[in-house]
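Peer 1: Numbering (the working numbering), first residue to last: 1 to 249.
Before I ask anything, let me first share the structure, which is written out below as structure tokens.
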């Protein structure tokens, strides 16, 4: 405990290991919904949901470790909703781009983001965007995600005449969605830690009770494989310099 106090300078911040543990646990429960939502969203593009689950968990853990150990900054990182929905529904499904190709574009975009940050261009770009446009972008992404949720929850369905219409309340999936929304909203209003996670768990139980979902076959199992083919990166001698350069960057 003394090492933790000294390394993270908890005494100077007026904190202690117990408080930090509770804060970390609360943050985890507030964010862990992404472990279930991200595979569902990216799975629509054809990606293996089990592999996405494992990748999401590993990326979140690595990001949090870097922020805590190296940056010593109290911010937890994990994949967020918005860009993943754009990736799956707009790029892969809407534009008919294979998810492998889309991931390559994401990789190149990450390199650009790193360069922008290194050369301190990020602040200039962000500051040049009007505040009204920033709010509009955030609201637009939120509405887009909400619409996808209502669509996947069968509360909104396709319509030949009006494009979209209200779904059938005879569908158990619609009632599971309504139950989940009401429970989660209530918990968030009451400021219950991990409200979204608790809402997901209760919705899952309700879904099993109404026959919409099946009971799990096991309580604990190994994490799904990433299905990665890392040796395949080096199967071609001609591509080694380029791949190695990207890897080192």
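Beta carbons are placed, not taken as given, at the ideal position from N, Cα and C, and that holds for glycine.
1. Alpha carbon to alpha carbon, how far is residue 155 from residue 180?
2. Assuming residue 79 and residue 54 are in contact, meaning their beta carbons sit under 8 angstroms apart, how far apart are those beta carbons, in whole angstroms?
3. With H, G and I counted as helix, E and B as strand and the rest as coil, what does DSSP make of residue 129?
4. Buried or exposed: residue 280, going by 16 or more other Cβ atoms within 10 Å of its Cβ?
5. For residue 163, list the residues DSSP reports as bridge partners.
6. From residue 14 to residue 4, what distance separates their C-alpha atoms?
7. Grab me the residues of residue 204's own chain with a C-beta within less than 7 angstroms of its C-beta, minus the 5 sequence neighbours each way, in chain order.
8. With distances taken Cα to Cα, identify the nearest neighbour of residue 60 among 21, 42, 35.
9. Who are the Cβ neighbours of residue 44 in its own chain at under 8 angstroms, not counting the five residues just before and after it?
10. What are the boundary residues of the alpha helix (DSSP H) that residue 178 is part of?
11. Less than 8 angstroms between C-beta atoms, sequence neighbours within five positions excluded: which residues of the same chain meet that for residue 197?
12. So, using beta-carbon positions, are residue 72 and residue 8 closer together than 8 angstroms?
13. According to DSSP, is residue 89 helix, strand or coil?
14. Extract the residue ranges of the alpha helix (DSSP H) inside the stretch 44-104, only unbroken runs of 4 or more that lie entirely within it.
15. Roughly how many whole angstroms lie between the Cα atoms of residue 146 and residue 153?
16. Kindly indicate which three-state DSSP category residue 151 falls into: helix, strand or coil?
17. Note down, in chain order, each residue of its chain lying with its Cβ closer than 6 angstroms to the Cβ of residue 171, except the 5 sequence neighbours on either side.
18. Which word fits residue 220, buried or exposed, when buried means at least 16 other C-beta atoms lie within 10 angstroms of its C-beta?
19. So what does DSSP say about residue 203, is it helix, strand or coil?
20. Name the residue from 104, 98, 24 whose alpha carbon lies nearest to the alpha carbon of residue 68.
21. Going by beta carbon distance, what residues of the same chain come within less than 6 angstroms of residue 50, once the five residues before and after it are set aside?
22. For residue 24, report the span of its alpha helix (DSSP H) as first-last.
23. Would the beta-carbon of residue 82 fall within 8 angstroms of that of residue 22?
24. Assign residue 169 to one of three DSSP states: helix, strand, or coil.
25. Expressed to the nearest angstrom, what Euclidean distance is found between the alpha-carbon atoms of residue 163 and residue 150?
26. For the candidate residues 99, 138, 130, 11, whose alpha-carbon lies nearest to that of residue 41?
Peer 2: Well, looking at it:
1. 12 angstroms
2. The Cβ separation is near 12 angstroms, so there is no contact.
3. coil
4. Nothing about residue 280 can be read from this structure; the chain reaches only from 1 to 249.
5. 159
6. 14 angstroms
7. Hits under 7 angstroms: 213.
8. 35
9. 88, 89, 92, 93
10. 172-189
11. Answer for residue 197: 29, 30, 32, 33, listed in chain order.
12. yes
13. helix
14. As far as the stretch 44-104 is concerned, its whole alpha helix (DSSP H) runs of at least 4 residues are 49-65.
15. 10 angstroms
16. helix
17. 154
18. exposed
19. helix
20. 24
21. 224
22. 17-31
23. no
24. coil
25. 14 angstroms
26. 99
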